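Peer 1:
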Amino acid sequence: MARHRSSAVPLAWLYAGLIVYASLYPFGEWRVPGHSPLQFLWLAWPRYWTAFDVVSNLLGYMPLGVLVFGARMRASGQRGVSVMTALLTGTALSFTMELLQNYLPQRVASNLDLALNIAGTACGAALGLAVHLLGGVDRWQAVRERWFIAGSAGGLALLLLWPLGLLFPAPVPLGLGQVWLRLQEALRSAMAGSSW
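In the numbering used here, the protein residues as written are 86 to 281.
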C-alpha cells in the first residue's frame with residue numbers, strides 16, 4: 086500500500102509562517118540600519134533579558150523542529166538526515182528573522198535569541214526522533230492508513246488547526262475584512278475629481 090503524504094509538511098509551512106509573523110510584527114516603518122545587519126552576531130550576550138524571552142524563544146521553535154523532522158523522516162526514512170534538515174531549517178529561519186529585525190525599529194536582533202531558537206529546534210528534532218524510536222510515528226501511520234484516504238494531508242492539517250480557529254471566531258461567517266466598505270472607499274478615492 087502506498088504511503089500517504091505527511092501532514093507535517095503543510096503544518097511545518099504554516100508554523101514557519103507563524104514564526105515569520107511573530108518575528109516581524111509590526112511590519113511597518115522599515116529602515117536601513119546605520120550598522121552592519123550582521124553586527125548582532127558578535128555582540129556580547131544581552132545584559133537584560135526576561136524568563137519569558139528565554140522560554141518563548143526556546144519553546145517557540147520546538148514545534149518547527151518536530152514538524153520538519155517528521156516531514157523529512159516520512160520523505161527519506163533516514164534519521165540523521167531528518168535531524169540535520171530540521172536543525173538547518175530552524176537555523177536558517179531564525180537567522181533570517183534576526184537579520185530582518187535589524188530593519189524594524191521596534192524589534193531588536195539578538196544573538197541570544199538566535200542561540201535559543203536553534204536550541205529549541207534541536208530539542209524539537211530530538212523529541213521527534215524519540216517519538217520515532219519509540220514507535221509513535223509507525224502507530225500513527227497505521228491509524229492514518231486505516232481511517233483516512235490518500236491525499237488527506239492538507240485536510241488533516243486543517244482538522245488539527247480547527248480548534249485554534251474557534252478561539253477567535255468571526256462574528257459573521259466570512260465577515261472578516263469588510264470588503265464592501267473598503268471597496269466603496271477605494272472607488273470614492275479613485276473617482277474623486279472625475280465626472281463619475
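We put the CB at the ideal spot given by N, CA and C, even for glycine. Please read these numbers as outputs of a predicted model, since none were measured by experiment.
1) Would you say the segment 91-105 touches the segment 137-154, given that touching needs at least three Cβ pairs under 8 angstroms?
2) Give every residue of the same chain whose Cβ lies closer than 7 angstroms to the Cβ of Met86, excluding the five residues on either side of it in the sequence, and list them in chain order.
3) Around the C-beta of Gln163, are 16 or more other C-beta atoms found within 10 angstroms, so that it is buried, or is it exposed?
4) On the criterion of 16 or more Cβ atoms from any shown chain inside 10 Å, does Gln124 qualify as buried, or is it exposed?
5) Evaluate contact between the segment 234-242 and the segment 208-226, counting only Cβ atoms and requiring at least three cross-stretch pairs below 8 angstroms.
6) Please list, in chain order, all residues of the same chain as Asn202 whose beta carbon is under 6 angstroms from its beta carbon, the five residues on each side excluded.
7) Following a CB-centred definition, is Leu126 positioned closer than 6 angstroms to any heavy atom of the ligand COA?
8) Tell me the rounded alpha-carbon separation between Leu109 and Arg224.
Peer 2: Let me spell this out:
1) yes
2) A caution first: Met86 carries a pLDDT of 42, below 50, which makes its placement in the model too unreliable to give a value.
3) exposed
4) exposed
5) no
6) Asn142, Tyr146, Ser179
7) Ligands displayed in this structure: none; no statement on the ligand COA is therefore possible.
8) 38 angstroms
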